[in-house]
Amino acid sequence: LSSALLDGYRDALDHSFSADNSALIGCYHAAKVLAIPLLRLYDPSDVWPFDLSVDHGYFDGVFDICFDWTLGKKRFQEQLDAEEKEEQNRKRGFDLKPILEACSAVAAGEEGQAEYKYLLPPSIDPPSGLTFPQYVLKRFTDLGLQGVALDLGRLCPSDLAAFVEEDERMADHRWIVRVRSSRYGSARDGLIDVVRDGSGGQTVSDRELTLSLAKLCNGLEASSSAGARKRKGQTVEDGLILVSVQRLLSEQGLRSSAVTTTSVDEERPLRPTELLNLVRAGVTASVRTDPETSIRLCLAGLAVAEVAGRGEEEESDGMATASQSVVRYAAPVWSLAIMSDADLWLSLADEYAAGASGELGIRDDFEAAVATTVLYGVVRGYIEGRQENDVEERSRSSKFDEHDGMATNDIAVGFYDNADIMTGVMDELRAASAANDGNAKALETVLCAAAGAVMG
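If you count by the numbering used here, then the sequence shown holds residues 467 to 922, one letter each, in order.
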């Protein structure tokens with residue numbers, strides 16, 4: 467009865483001379499929706515329902531039966547031995563792969579298998595307007611099985627490529643399809659978008675993996691200019707720096723109050739402001755007992771300041787200068803280093819104001835006095851780090867055409883060579899009651915002299 471009903475509608479369509487068969491197509495589809503699920507109730511083997519679904523291009527029936535017998539409720543229904551199972555599967559053929567391969571062949575201009583005639587393009591699912599490959603990808607995504615969609619999509623790559631770009635639920639997976647087609651630049655951009663959007667509730671471990679993959683893609687990408695690759699590479703490196711700082715802070719027992727996990731790998735990635743708050747807490751706690759830890763934490767804070775400043779410049783399309791964008795990040799870190807030995811710096815400022823004048827910075831006893839301070843260690847570490855980065859940068863740049871857009875978004879956060887950052891530092895010290903109108907100029911001079919002692 468089901469076969470006769472559906473055959474009747476198909477014959478009517480095949481012999482219709484009407485320019486608009488939409489009403490007949492709607493009735494034909496409604497008959498499929500009625501007959502085939504009903505037939506499945508009477509044929510637990512699903513052989514007849516599947517054959518009818520294929521013969522009449524009923525996408526729902528083909529998908530549901532294949533899904534049930536491969537991934538769904540009927541997967542383990544029968545306990546057959548290996549030989550029986552192989553024979554049964556051969557008879558049933560409940561497999562989407564050969565159908566998708568046939569659809570892909572037709573899309574490529576080849577001849578498709580006659581048995582799948584009503585599933586092949588240009589046949590579509592009337593309610594959705596999708597071709598069979600598009601329909602399958604959507605259904606698996608509806609079920610939350612994006613991995614299965616990506617796997618089956620290998621058989622219909624053009625449909626998969628279009629689907630992942632159009633469906634926002636596949637946003638986190640676009641890079642996979644792009645890598646398959648050797649579009650490494652687009653894959654890198656997709657991975658960076660995953661990090662920026664924070665989609666999927668990423669953990670620290672997830673973000674580190676995502677950025678590491680983006681770094682690999684950036685290294686393989688060769689279609690864009692060297693300057694573009696370098697800028698994208700810096701964005702990736704900045705993300706990895708933030709992850710490294712969060713790991714360092716966690717090792718020191720500094721974690722967000724909202725953290726409920728036992729491992730930093732399972733924490734959510736923290737924003738720069740959150741990381742700097744933990745740096746402040748760590749330096750405050752360790753300054754009297756472990757100056758070396760305070761130095762490491764301050765250096766980590768300056769690294770965060772550089773990343774945050776670079777990020778804000780990109781968001782403002784260059785409208786903000788380096789000083790404007792990093793003062794509020796870098797100045798508090800420098801003030802932490804200074805306040806770790808506040809008594810010494812205030813004493814030296816008083817000495818300078820009393821008549822030490824310009825000789826203060828070149829006196830042997832001055833360098834000896836400041837060499838053990840947290841600030842001295844931070845300045846030294848910061849300068850050495852920038853020198854190492856400069857060497858690496860020259861090495862990388864020598865491989866590229868110097869005229870190929872290689873300008874970098876370099877952010878310097880030293881208080882000793884940036885007047886705006888120095889002003890921010892003094893504002894922080896005033897807020898901490900360590901500086902005032904009477905000693906501010908002398909204190910500023912002493913701090914710059916200390917930086918000069920580090921630089922020799």
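Idealized CB from N, CA, C, for every residue including glycine.
As the structure is a prediction and not an experimental result, all values here were calculated from the model.
Residue range of the alpha helix (DSSP H) that includes residue i
i	result
Lys604	Phe598 to Asp608
Cys532	Phe525 to Thr536
His495	Ser488 to Tyr508
Asn684	Val670 to Leu686
Leu742	Pro738 to Ser752
Ala615	Gln612 to Leu618
Gln700	Ala692 to Glu717
Tyr475	Ser468 to Asp480
Lys563	Leu562 to Ala573
Gly880	It is not in any alpha helix (DSSP H) - Gly880 carries neither H nor E in the DSSP assignment.
Leu814	Ala808 to Glu817
Arg635	Here Arg635 belongs to no alpha helix (DSSP H), and DSSP marks it neither H nor E.
Pro515	Val513 to Asp521
Asp893	Ala885 to Ala897
Ala917	Ala906 to Met921
Straight-line gap, residue i to residue j (C-alpha atoms, nearest Å)
i	j	result
Ser760	Val702	27 Å
Ala580	Arg737	58 Å
Ser729	Val670	10 Å
Ser691	Trp641	20 Å
Gly880	Gly851	12 Å
Ala885	Leu720	32 Å
Ser813	Tyr795	27 Å
Val602	Leu802	58 Å
Ile531	Gln668	35 Å
Phe866	Gln700	Below a pLDDT of 50, predicted positions are generally treated as unreliable, and Phe866, at 45, falls in that range; no measurement from the model is reported.
Leu609	Met636	13 Å
Glu868	Arg697	Residue confidence for Glu868 is low, a pLDDT of 44 falling below 50, so the modelled location carries little weight; the figure read from the coordinates is stated next. Cα-Cα distance, rounded: 15 Å.
Leu708	Glu631	29 Å
Glu732	Val799	27 Å
Pro757	Ser624	59 Å
Arg662	Ser488	45 Å
Glu577	Ala568	8 Å
Tyr584	Val643	28 Å
Arg734	Arg673	9 Å
Leu618	Phe533	13 Å
Glu634	Val773	29 Å
Asp816	Thr911	11 Å
Asp517	Arg649	40 Å
Val770	Val711	8 Å
Leu744	Glu854	26 Å
Val614	Asp638	14 Å
Leu621	Asp521	22 Å
Ala747	Val920	26 Å
Trp514	Leu504	11 Å
Phe483	Ile565	30 Å
Pro808	Arg754	First, the amino acid is wrong: residue 808 is Ala here, not Pro. Rounded to the nearest angstrom, the two C-alpha atoms are 12 Å apart.
Tyr508	Tyr494	21 Å
Glu778	Ile877	11 Å
Tyr818	Glu717	40 Å
Thr536	Ser689	41 Å
Val891	Ser722	26 Å
Ala834	Asp659	49 Å
Ala447	Asp591	This structure does not reach residue 447, given that the chain is present from 467 up to 922, and the question cannot be answered.
Residue i at chain C interface by Cβ criterion, 9 Å
i	result
Val836	Protein chains in the displayed structure number just one, and chain C is not present.
Beta-carbon proximity of residue i to residue j, cut-off 9 Å
i	j	result
Leu841	Leu895	no
Leu763	Leu714	yes
Leu765	Tyr848	yes
Val844	Leu909	no
Lys604	Ser589	no
Phe529	Leu490	no
Gln600	Phe606	no
Ala627	Ser647	yes
Ala906	Met805	no
Ala916	Val836	yes
Arg889	Val792	Contrary to the premise, residue 889 reads as Thr rather than Arg in this sequence. In this structure, Val792 does not lie closer than 9 Å to Thr889 by Cβ.
Ile502	Gly527	yes
Asp704	Arg776	yes
Ala446	Ile887	Limits of the chain in this structure are 467 at one end and 922 at the other, which puts residue 446 out of reach.
Asp512	Phe560	yes
Phe598	Leu586	yes
### Message
Three or more C-beta pairs under 8 Å: does that hold for the stretch 641-660 against the stretch 679-691?
### Response
Judged by Cβ distances under 8 Å, the stretch 641-660 makes contact with the stretch 679-691, as three or more pairs qualify.
### Query
How do the stretch 562-573 and the stretch 470-487 stand: do at least 3 beta-carbon pairs fall below 8 Å, yes or no?
Below 8 Å, too few C-beta pairs join the stretch 562-573 and the stretch 470-487 to call them touching: fewer than three.
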